[in-house]
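As structure tokens, the structure follows; a few thoughts come after it.
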Amino acid sequence: MSAALASLSQYADSDSDDETVAKTQPLATDRAEQPPHGTEVEAAAAPKRPKRKLPPLDLEADALSNERLSRSSSPARAIGNSTGKVVKGDWLCYCFVEVLVDPSLGRCIQDSHAHLQEQLGTKHTLLDLRHSDHPTTDEGASAANPSPSSQGQLHISLTRPFTVRSYERDEYVKVAAAEVQRLKATVGSFPFTFSRIAYLANDDASRHFMVLEVGAGRDKFHRLSTALSTELRRAFRAKAYYDEARFHASTACVLDSTPDQSDHATQALASRFSTIVADIEAEHGPRLRQCRPVWATRIGIQVANRVSYVDL
């Protein structure tokens, strides 16, 4: 039972007022206590119970674990970590640079997705990791057929995802936001470009990603990542970002259809996905490198499904 259902069950089980009334009134099982035949007895009116206002449902753990890769507006579904199911009371958090997708870049990504889906076939579903701050009503949108209303957004992670307890979430936002404010003076907003289309997998190879790797501007990303990781490590003992950091924006993801399959099958899918992405890079990479620079203008601080933005 999920946390949301559990909290509702507590109210269903707490309807003890009627039970208490029933227990305090004697049962009319003895014939001598029954009214004479033909006597009309009015049914006792049920006692009025005060209305109770239900508190907000606790969505912190269940919503995150169920929606991590759903088609929502949250960048959290693009995370490639292998943290497993989030424990109730834990909040997954990380920092990222927002990437606004312009029409030229959007067309390049769209054609790449169509190529990838065609080569993968119908056995694997491609998840489009572009998202929007304005959710579309087209729930059936896929990587090959997204809603035409928006080019969407991507994100580039600056810190490794980790969990904090409920009482730490506000402090996490406060610490990260203060560090971003400090970085404004030395880094500020900056342009960057994508250099190539590449393949990456998460730690346990359960998710396979097509990504756009950062070219020009990588040094600025490194400075942001190092500063934020150092401060979060000091405050929360968070792990530092990867030593061989490949700053990238994930555009599409494929999940292993059978997570319990053999290592050989997992490696086969990884090899096939990697080969297809290499072909996509050969065909669409030149177009990607012709796209105009993207500006990093603000950093997102994500805690579960809540995002706070701080301008650079």
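So the sequence shown is numbered by this note's numbering: it starts at 996 and just counts up by one.
Glycine included, every Cβ here is placed at the ideal spot set by N, Cα and C.
Keep in mind the model is a prediction, meaning the values are calculated, not measured.
Does the distance from the C-beta atom of T1154 to that of A1200 stay below 8 Å? Here the question's residue 1154 lines up with position 159 in the sequence shown. Here the question's residue 1200 lines up with position 205 in the sequence shown. No.
In this structure, does DSSP put S1266 in helix, strand or coil? Position 271 of the sequence shown, counted from the first residue, corresponds to residue 1266. Helix, per DSSP.
From what residue to what residue does the beta strand (DSSP E) around R1228 run? Taking the first residue of the sequence shown as 1, we reach residue 1228 at position 233. Counting along the chain, R1228 falls outside any beta strand (DSSP E), though it belongs to the alpha helix (DSSP H) covering 1213 to 1231.
Alpha carbon of D1106 to alpha carbon of N1300, nearest angstrom: Counting from one through the sequence shown, the residue named residue 1106 turns up at place 111. Counting from one through the sequence shown, the residue named residue 1300 turns up at place 305. Looking at the two C-alpha atoms, the distance is approximately 30 Å.
Using alpha carbons as the reference points, say which of F1091, R1282, R1125, S1224 lies closest to T1188. Your numbering for residue 1188 matches position 193 in the sequence shown. Selection F1091, R1282, R1125, S1224 evaluated against T1188 yields R1282 as nearest (Cα-Cα).
How big is the Cα-Cα spacing for I1271 and Q1112? Indexing the sequence shown from 1 puts residue 1271 at position 276. Indexing the sequence shown from 1 puts residue 1112 at position 117. Cα to Cα, I1271 sits roughly 10 Å from Q1112.
Go ahead and label E1226 buried or exposed: buried means 16 or more other beta carbons lie within 10 angstroms of its beta carbon, across all protein chains shown. To locate residue 1226, count along the sequence shown from 1; it is residue 231. Buried: at least 16 other Cβ atoms inside 10 Å.
Could you spell out where the alpha helix (DSSP H) holding P1098 opens and where it closes? In the sequence shown, the residue the question calls residue 1098 occupies position 103. Start and end: 1098 to 1115.
R1195 bridges to which residues according to DSSP? The residue given as residue 1195 occupies position 200 in the sequence shown. Here the sequence assigns Leu to residue 1195, which means Arg is not the residue at that position. DSSP output for L1195 lists F1204 as bridge partner(s).
Name the residue from C1286, H1279, D1274, K1215 whose alpha carbon lies nearest to the alpha carbon of P1098. In the sequence shown, the residue the question calls residue 1098 occupies position 103. Cα-wise, what sits closest to P1098 is C1286.
Nonlocal neighbours in the same chain, by C-beta distance under 6 Å from A1230, ignoring five residues either side: As a first step, residue 1230 must be located in the sequence shown, where it is residue number 235. Excluding positions up to five away in sequence, the list reads V1170.
Determine the burial state of L1124: buried for a count of at least 16 other Cβ atoms within 10 Å of its Cβ, exposed for fewer. On the sequence shown, position 129 is the one that residue 1124 refers to. With at least 16 other beta carbons inside 10 angstroms of its own, L1124 counts as buried.
Measure the alpha-carbon distance for G1212 versus V1206 and round it to whole angstroms. In the sequence shown, the residue the question calls residue 1212 occupies position 217. In the sequence shown, the residue the question calls residue 1206 occupies position 211. Distance between the alpha carbons of G1212 and V1206: 17 Å.
For H1150 versus A1244, is the C-beta distance shorter than 8 Å? Working through the sequence shown from its first residue, we reach residue 1150 at position 155. Working through the sequence shown from its first residue, we reach residue 1244 at position 249. The answer is yes: Cβ separation under 8 Å.
Using only the alpha-carbon positions, how far apart do R1102 and L1250 sit? Counted from its first residue, the sequence shown places residue 1102 at position 107. Counted from its first residue, the sequence shown places residue 1250 at position 255. So the two alpha carbons sit approximately 24 Å from each other.
Grouping DSSP H, G and I as helix and E and B as strand, with all else coil, what is R1301? The sequence position of residue 1301 within the sequence shown is 306, counting from 1. Residue state, collapsed to three classes: strand.
V1305 vs A1180 beta-carbon contact at 8 Å: For this step, residue 1305 is matched to residue 310 along the sequence shown. For this step, residue 1180 is matched to residue 185 along the sequence shown. Not closer than 8 Å, so no.
Let's see if you can read the secondary structure: which residues bound the alpha helix (DSSP H) around L1178? What you label residue 1178 is simply residue 183 of the sequence shown in a count that begins at 1. Residues 1164 to 1178.
Assigned secondary structure, A1277 (DSSP; H/G/I helix, E/B strand, else coil): Within the sequence shown, residue 1277 is the residue found at index 282, counting from 1. Three-state DSSP puts A1277 in a helix.
Could you tell me how far apart the beta carbons of I1275 and H1110 are, in whole angstroms, since I believe they sit closer than 8 Å? Taking the sequence shown and counting its residues from 1, one reaches residue 1275 at position 280. Taking the sequence shown and counting its residues from 1, one reaches residue 1110 at position 115. Indeed, because the Cβ distance is near 5 Å, the residues count as touching under 8 Å.
With a 10 Å radius around its C-beta and 16 neighbouring C-beta atoms as the bar for buried, classify R1202 as buried or exposed. Along the sequence shown, one-based indexing puts residue 1202 at 207. Buried.
Residues sharing a beta bridge with G1147, DSSP: The count along the sequence shown starts at 1 and reaches residue 1147 at position 152. As computed with DSSP, G1147 is found in no beta bridge at all.
DSSP three-state call for S1152: helix, strand or coil? For the purposes of this step, residue 1152 is identified with residue 157 of the sequence shown, where counting begins at 1. The answer is strand: DSSP assigns S1152 an E or B state.
For L1195, which residues in the same chain have their Cβ closer than 6 Å to its Cβ, ignoring the five residues on either side in sequence? Against the sequence shown, residue 1195 aligns to sequence position 200. Answer for L1195: F1204, V1206, listed in chain order.
If V993 and V1094 are in contact, beta carbons under 8 Å, what's the gap, nearest whole angstrom? Outside the displayed span of the chain (996 to 1307) sits residue 993, for which this structure offers no information.
List the residues that DSSP assigns as beta-bridge partners of I1294. As a position in the sequence shown, residue 1294 is number 299, starting the count at 1. DSSP lists V1092, V1305 as partners of I1294.
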